[in-house]
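Novice: I have a structure I would like to understand better, so I am pasting it below and will then ask my questions one at a time.
Number of protein chains: 2
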Amino acid sequence: MSVLHMDFKDCGQCPIRHRAVCSRCEPDELEALEAVKYYRTYDAGQPILWSGDHLEFVASVVTGIATLSQTMEDGRTQMVGLLLPSDFIGRPNRETAPFDVVAVSDVTLCCFRRRPFENLMASTPHIGHRLLEMTLDELDSAREWMLVLGRKTAREKIASLLLIIARRDAVLRKKVPSDGMTFDLPLTRESMADYLGLTLETVSRQISALKKSEVIELQGKRRVLVPELERLVAETGDDFDGGMIS
Amino acid sequence: MSVLHMDFKDCGQCPIRHRAVCSRCEPDELEALEAVKYYRTYDAGQPILWSGDHLEFVASVVTGIATLSQTMEDGRTQMVGLLLPSDFIGRPNRETAPFDVVAVSDVTLCCFRRRPFENLMASTPHIGHRLLEMTLDELDSAREWMLVLGRKTAREKIASLLLIIARRDAVLRKKVPSDGMTFDLPLTRESMADYLGLTLETVSRQISALKKSEVIELQGKRRVLVPELERLVAETGDDFDGGMIS
DNA sequence: GCGCGACTTTGACACGGATCAAAAAAGAGA
DNA sequence: TCTCTTTTTTGATCCGTGTCAAAGTCGCGC
């Protein structure tokens, strides 16, 4: 299972949720996509795919949030990706899902049957090229995340995650991320811990610490206000202009 | 900078080191590749690319070993990949290198000038498809490594790294990895530490501990014998049949 | 063979994050 | 509104890994 990010440059012709794949599609290509398209919905907490499942579709997230993760036999789990609206799920030319995909909130997917999608891809080079670009970006993101997991402290890990969520949130709402921005935390403390390679207690403590040192403010448990986002960036040494997601 | 793995299925027509890219190439495509090919060599320890460098080529590692890594301003570094013979370096359609590439041993690269390579790719769908497949595999590998970095103990991390090196070594020598295999460690303790998100002292201690508990034997500092590779596999919960590299 | 620098091992100790436990807060359903 | 459950917070303690320091080993050039 790969997760690829769509850019929603609207080509003015494409159906709402796969216009990204086909921003350069010809009308007949659009028709072909449309013919194999269907929607699926999942409730919060429901699994979408288990690692090893047979893949019958590729899809784009329309609404909601899902996670991509691995679990060891003893229960230790590591999230390897966060799937937000506009993210792509699936692997052309692969039979099985390599990771678990779980709906965090209610999720709607726009699915394309895999075989026809692969055929269309084979006959439509620009779709393959676009997928390659997206996959290369995603590979870079994954490798950047390795630095977070391998070398950053708990505090820096939390900051990195807040930045990612703030950025994605800003992109989805088409706002410029800037000082004083506010956003919702879509994840439980446990999910954040699984993303960051920490325990939920450590996540909770670090968030409390950031609040006490007035780096962030909380409105309820799940809404965050970052008065000085720039400072948080500087502190962690992240550059803020890189791709769409780190 | 992406790293992609070549499979060396020989098409019987292709020049030695890019036959993988073109295992399905037509003769005229091979000629086009040959026309923009050149070799570069680097001494052990020499940088090949710095993050941000302008990319003038894509390349395939012919001999030697290189690492792919990131470094923070304060000096903490994280390796994100190991480049062995047959690995691919480069990013079609990208201007700059996203990570540092450093030669660990003396390295020879078979380079293709980037622009012509991109042009060939644009006009030759199967090259793009092959690159997409390789990139998807590499993305899965990167995500599997996240589990190692985020959730495994020092001992498990060492075991995971030894397994990767043993596997790659076996593939390069076309041996079946099995009980009692022996291989060289191409990395210093420090490089291993940077790969695993540990310190070099911890790496050294864990290797000593594995030796003492007779899970591995050392012949010198840099040659490892694993009497019971299968057990090491079982202990870490890795499956041993997945892709070429984890 | 000797000396020097690079790499590795080992020890003592500190500290960050994990673990175990319990209370507090927030939702969800009746 | 009042449970009952889930999530979050906080505290006490423990342990694995980091840090700092020193000694040991290897390899290479003279």
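In order, the protein sequence lines correspond to chains A and B. Sequence positions in the first sequence follow the numbering used here and run 75 to 320. Sequence positions in the second sequence follow the numbering used here and run 75 to 320. All C-beta atoms, glycine included, are put in the ideal place defined by N, C-alpha and C.
(1) CA-CA distance, B/D268 and B/Q152?
(2) Identify whether B/T209 lies in helix, strand or coil by the three-state DSSP scheme.
(3) Only counting the same chain, and skipping five residues up and downstream in sequence, which positions put a Cβ closer than 6 angstroms to that of A/T145?
(4) Beta strand (DSSP E) containing B/S234: first to last residue?
(5) What does B/L223 touch in chain A if you count any residue whose Cβ is under 8 angstroms from its own?
(6) Is A/R165 helix, strand or coil when you go by DSSP?
(7) In the DSSP output, which residue or residues are listed as bridge partners for A/V298?
(8) Looking at chain B, which residues of the region 163-194 of chain A have a Cβ within less than 9 angstroms of any of its Cβ atoms?
(9) Can you check whether the C-beta of A/M266 is within less than 8 angstroms of a C-beta belonging to chain B?
(10) So that I know if they touch, is there some Cβ in chain B lying closer than 8 angstroms to that of A/R241?
(11) Under a CB-based cut-off of 8 angstroms, is B/V300 close to chain A?
(12) Please determine if the region 168-188 of chain B and the region 110-122 of chain B are in contact, where contact requires at least 3 C-beta pairs separated by less than 8 angstroms.
(13) Looking at the unbroken beta strand (DSSP E) that takes in A/A118, where does it start and where does it end?
(14) Name, in chain order, the residues that DSSP records as bridge partners for A/G224.
(15) Once DSSP output is grouped into helix, strand and coil, what is the label at A/S143?
(16) Cutting at 7 angstroms between CB atoms, please list the residues of its own chain near B/K226, excluding the five before and the five after it.
(17) Taking only the alpha-carbon atoms, compute the straight-line gap between B/I239 and A/S287 and give it to the nearest angstrom.
(18) Do you know whose CA, among B/P172, B/L210, B/P199, B/L156, lies nearest B/G126's CA?
(19) Taking 8 angstroms as the threshold (beta carbon to beta carbon), is B/R150 in contact with chain A?
(20) Got a sec: which bits of the region 135-148 of chain B sit with their beta carbon under 7 angstroms from any beta carbon on chain A, in order along the chain?
(21) Quick one: measure Cβ to Cβ for B/P166 and B/E192, integer angstroms, because I've assumed they're closer than 8 angstroms.
(22) Report the CB separation of B/L123 from B/V175 in whole angstroms; it is logged as a contact under 8 angstroms.
(23) Taking just the CA atoms, how far does A/R217 sit from B/R224?
(24) Kindly identify the DSSP beta-bridge partner or partners of A/S134.
(25) So, is the C-beta of B/H203 closer than 8 angstroms to a C-beta in chain A?
(26) Take B/G138 and list the residues in its own chain whose beta-carbon comes closer than 7 angstroms to its own, dropping the five residues that flank it on each side.
(27) Among A/L206, A/M220, A/G164, which residue has its Cα nearest to the Cα of A/L129?
(28) Any beta-carbon of chain A closer than 8 angstroms to the one on B/L206?
(29) Would you please verify whether the beta carbon of A/E212 is less than 8 angstroms from any beta carbon of chain B?
(30) Taking only the alpha-carbon atoms, compute the straight-line gap between B/L274 and B/Q293 and give it to the nearest angstrom.
(31) Can the beta-carbon of A/A134 be found less than 8 angstroms from the beta-carbon of A/F162?
(32) Who are the near neighbours of A/R229 in its chain, counting only those whose CB is closer than 6 angstroms to its CB and skipping five residues on each side?
(33) Please report the residue range of the beta strand (DSSP E) in which B/A177 lies.
Specialist: To lay it out plainly:
(1) Here residue 268 of chain B refers to the residue found at position 194 when the second sequence is read from its first residue. Here residue 152 of chain B refers to the residue found at position 78 when the second sequence is read from its first residue. Their backbone Cα atoms lie some 5 angstroms apart in a straight line.
(2) Along the second sequence, read from residue 1 onward, the residue named residue 209 of chain B stands at position 135. Note: B/T209 maps to helix in three-state DSSP.
(3) Counted from its first residue, the first sequence places residue 145 of chain A at position 71. Its chain contains T151 as the residues whose beta carbon lies nearer than 6 angstroms to that of A/T145, once the 5 sequence neighbours on both sides are disregarded; these appear in chain order.
(4) Residue 234 of chain B sits at position 160 when you count from the first residue of the second sequence. First-last for B/S234: 228-246, but that is the alpha helix (DSSP H), not the beta strand (DSSP E).
(5) Mapped onto the second sequence, residue 223 of chain B falls at position 149. Simply M220, L223, G224, G271.
(6) As a first step, residue 165 of chain A must be located in the first sequence, where it is residue number 91. In this structure, A/R165 counts as coil in the three-state DSSP scheme.
(7) Taking the first residue of the first sequence as position 1, residue 298 of chain A is located at position 224. The partner list for A/V298 (beta bridge, DSSP) reads A/F257, A/L292.
(8) Cβ contacts with chain B: R165, P166, N167, R168, P172, F173.
(9) Your numbering for residue 266 of chain A matches position 192 in the first sequence. So no, A/M266 is outside the interface.
(10) As a first step, residue 241 of chain A is located in the first sequence; it is residue number 167 there, counting from the start. It does not: the Cβ of A/R241 has no partner Cβ on chain B nearer than 8 angstroms.
(11) Taking the second sequence and counting its residues from 1, one reaches residue 300 of chain B at position 226. Using a CB distance cut-off of 8 angstroms, B/V300 does not count as an interface residue toward chain A.
(12) The region 168-188 of chain B and the region 110-122 of chain B touch, with no fewer than 3 CB-CB distances between them shorter than 8 angstroms.
(13) Locating residue 118 of chain A in the first sequence gives position 44, where the first residue counts as 1. Counting along the chain, A/A118 falls outside any beta strand (DSSP E), and DSSP gives it neither H nor E.
(14) Along the first sequence, read from residue 1 onward, the residue named residue 224 of chain A stands at position 150. In the DSSP assignment, A/G224 is bridged to no other residue.
(15) The residue you call residue 143 of chain A lines up with position 69 of the first sequence. Here DSSP, grouped into helix, strand and coil, assigns A/S143 to strand.
(16) Stepping through the second sequence from its first residue, residue 226 of chain B is reached at position 152. Excluding sequence neighbours, B/K226 sits near S234.
(17) On the second sequence, position 165 is the one that residue 239 of chain B refers to. On the first sequence, position 213 is the one that residue 287 of chain A refers to. In a straight line, the C-alpha of B/I239 is about 44 angstroms away from that of A/S287.
(18) Position 52 of the second sequence holds residue 126 of chain B. When B/P172, B/L210, B/P199, B/L156 are compared, the shortest CA-CA separation from B/G126 is found for B/P172.
(19) Position 76 of the second sequence, counting from 1, holds the residue named residue 150 of chain B. Answer yes: the Cβ-Cβ gap between B/R150 and chain A drops below 8 angstroms somewhere.
(20) Cβ proximity to chain A below 7 angstroms picks out Q144, M146, E147 from the region 135-148 of chain B.
(21) Here residue 166 of chain B is taken as the residue at index 92 of the second sequence, counted from 1. Here residue 192 of chain B is taken as the residue at index 118 of the second sequence, counted from 1. Contact flag correct, Cβ pair sits at about 5 angstroms.
(22) As a working mapping, residue 123 of chain B is identified with position 49 in the second sequence. As a working mapping, residue 175 of chain B is identified with position 101 in the second sequence. Your pair B/L123 and B/V175 checks out as a contact, with CB atoms roughly 4 angstroms apart and the cut at 8 angstroms.
(23) Stepping through the second sequence from its first residue, residue 224 of chain B is reached at position 150. Stepping through the first sequence from its first residue, residue 217 of chain A is reached at position 143. The displayed chain sequence assigns Gly, not Arg, to residue 224 of chain B. Rounded to the nearest angstrom, the two C-alpha atoms are 13 angstroms apart.
(24) The residue labelled residue 134 of chain A in the question sits at position 60 within the first sequence. In the DSSP output, where bridge partners are listed per residue, A/S134 has A/F162, A/C184.
(25) The residue you call residue 203 of chain B lines up with position 129 of the second sequence. Chain A contact via Cβ: present.
(26) For the purposes of this step, residue 138 of chain B is identified with residue 64 of the second sequence, where counting begins at 1. Closer than 7 angstroms at Cβ, skipping near neighbours: A177, S179, D180, V181, T182.
(27) In the first sequence, the residue the question calls residue 129 of chain A occupies position 55. Of the listed residues, the one whose Cα sits closest to A/L129 is A/G164.
(28) Residue numbering aside, residue 206 of chain B sits at position 132 when the second sequence is read from its first letter. Closer than 8 angstroms: yes.
(29) Mapped onto the first sequence, residue 212 of chain A falls at position 138. By this cut-off, A/E212 is an interface position.
(30) Position 200 of the second sequence holds residue 274 of chain B. Position 219 of the second sequence holds residue 293 of chain B. A direct Cα-to-Cα measurement between B/L274 and B/Q293 gives close to 20 angstroms.
(31) Counting from 1 along the first sequence, the entry for residue 134 of chain A is found at position 60. Counting from 1 along the first sequence, the entry for residue 162 of chain A is found at position 88. Checking the displayed sequence, the identity of residue 134 of chain A turns out to be Ser instead of Ala. In contact: A/S134 and A/F162 (Cβ atoms closer than 8 angstroms).
(32) For the purposes of this step, residue 229 of chain A is taken as residue 155 along the first sequence, with counting starting at 1. Q280, listed in sequence order.
(33) Locating residue 177 of chain B in the second sequence gives position 103, counting from the first residue. Counting along the chain, the unbroken beta strand (DSSP E) around B/A177 starts and ends at 174-177.
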